[in-house]
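Here the structure is laid out as structure tokens; the discussion comes afterwards.
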Amino acid sequence: MPADETTPPAPRPPAPTRVLSGIQPTGRFHWGNYFGAIRQYIDLQTVGEAYYFIADLHALTTVREPDRLRALVHDAAVDLVSLGLDPDHATLFVQSDVPEVTELTWLLMTVTPMGLLERCHAYKDKKTRGLPADAGLFTYPVLMSADILAYDATVVPVGEDQVQHIEVCRDLAGTFNHLYGEVFTLPKPRLVEGGGRVPGTDGQKMSKSYENTLDVFEDLAAQKKKIMRITTDSRPMEEPKNPDDDHLFALYSLMAPEADRLKMADLYRRGGFGYGEVKKALVEASSQFFAEARSRRAALEADPERIESILAAGAERARAKARDVLDRARRACGLARDKAGKPAISGQPADKPSGKGGRA
Ligand code: TRP
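Start counting the sequence shown at 219; every next residue gets the next number (our numbering).
Structure (structure tokens):
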């Protein structure tokens, strides 16, 4: 059929799913981090293109010891790969290895209203508590926006506490696009199913600040001690119990195979068992659950070069993408002085990542 004015335009192909998330390197991951976030990243790595990075620039707002920061970044990478983040599926890199993102942060900063950042909780909380805040903390959501926009991410898996930042990102991208044309892709947050709430050893939400964590790669003997000390109620053994309002059962459910979980639920309802037995079962189930990750971790620890080469390759891929987006943004707002969007400085290969990703 010949095309004429009445032929509707061909539908735009749907935007490819591009998943991205940043992970703060705050020390050893605990079960809450794993079930609340990391597991979802791993599940999503096969859904579309996936980018995951270790947010060392963000961490700089809290970690002030260089050696510690380096170690935290390295350990986070080792842990993520051990847990199943597969560098053949996902691009894993370190945030600061892609300097294009910090340049993009500036472009976004010029369209960021102060009031928007004043309402963001990390800064607001500090201020309300009368603590001094630096500009890094204040502009944290702008850097995070650049992180997301630099890779044309469409889906950003995050916890509830980060949703506000995704809103900021959408807001800034929208303003920039409105001023300069369609430069940025607007992302959507994706929350973990079921809220991702994992109870800690005291029954409250598992969190470092409550000192109630069980860590993914903790020494097994030390972990067993912690599990055996998990607080439980003091009802008599014979009394039937509802598994659904018991945090010990909630933890067991995360770790145990479905058939075992059902059997345990049955035991709860019938009564006549002790919490000690459940704890022992939890020790066993969790050591099984993370056994493969532990052995992968041992192998990676024995070969530190391997993780560095994964990160270098990831940085190279990430930079190529970020460079494209940054060029688009520079061109749109009038910074680039030639049509290709390159700075008019000779000998500056604006479109060629160094290939080393800065991790020599
Ligand atoms: N702020 C996030 C956190 O603390 C980490 C982060 C940085 C991030 N940049 C990001 C998350 C971009 C998603 C997308 O958890």
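From the three backbone atoms N, C-alpha and C, an ideal C-beta is built for every residue, glycine too.
Counting only residues of its own chain and dropping the five nearest sequence neighbours on each side, K426 has a CB closer than 8 Å to the CB of T244, G245, H248. Taking C-alpha positions only, Y252 is separated from V434 by approximately 8 Å. Comparing alpha carbon positions, the residue from F402, Y428, L287 closest to I272 is L287. The residue among L544, V386, A351, V374 with its C-alpha nearest the C-alpha of I241 is V374. Taking a 10 Å sphere around the C-beta of E267, we find 16 or more other C-beta atoms and assign the residue as buried. Under DSSP, S239 shares a beta bridge with Y270. If you check the C-beta of D365 against the ligand TRP, you find a heavy atom less than 7 Å away. With a cutoff of 8 Å on beta-carbon distance, T357 and M327 are scored as near each other.
The residue among F394, V410, E502, G489 with its C-alpha nearest the C-alpha of Q441 is E502. T323 sits close to L361, with the two beta carbons spaced by under 8 Å.
At least one heavy atom of the ligand TRP lies less than 7 Å from the C-beta of V376. For F402, the secondary structure class from DSSP, reduced to helix, strand or coil, is coil.
In the three-state reduction of the DSSP assignment, R408 falls in the strand class, which pools E and B.
For D433, the pairing in a beta bridge is given by DSSP as H248. Distances between the C-beta of G245 and the heavy atoms of the ligand TRP are all 7 Å or more. For G266, the shortest separation between its Cβ and any heavy atom of the ligand TRP does not lie below 7 Å.
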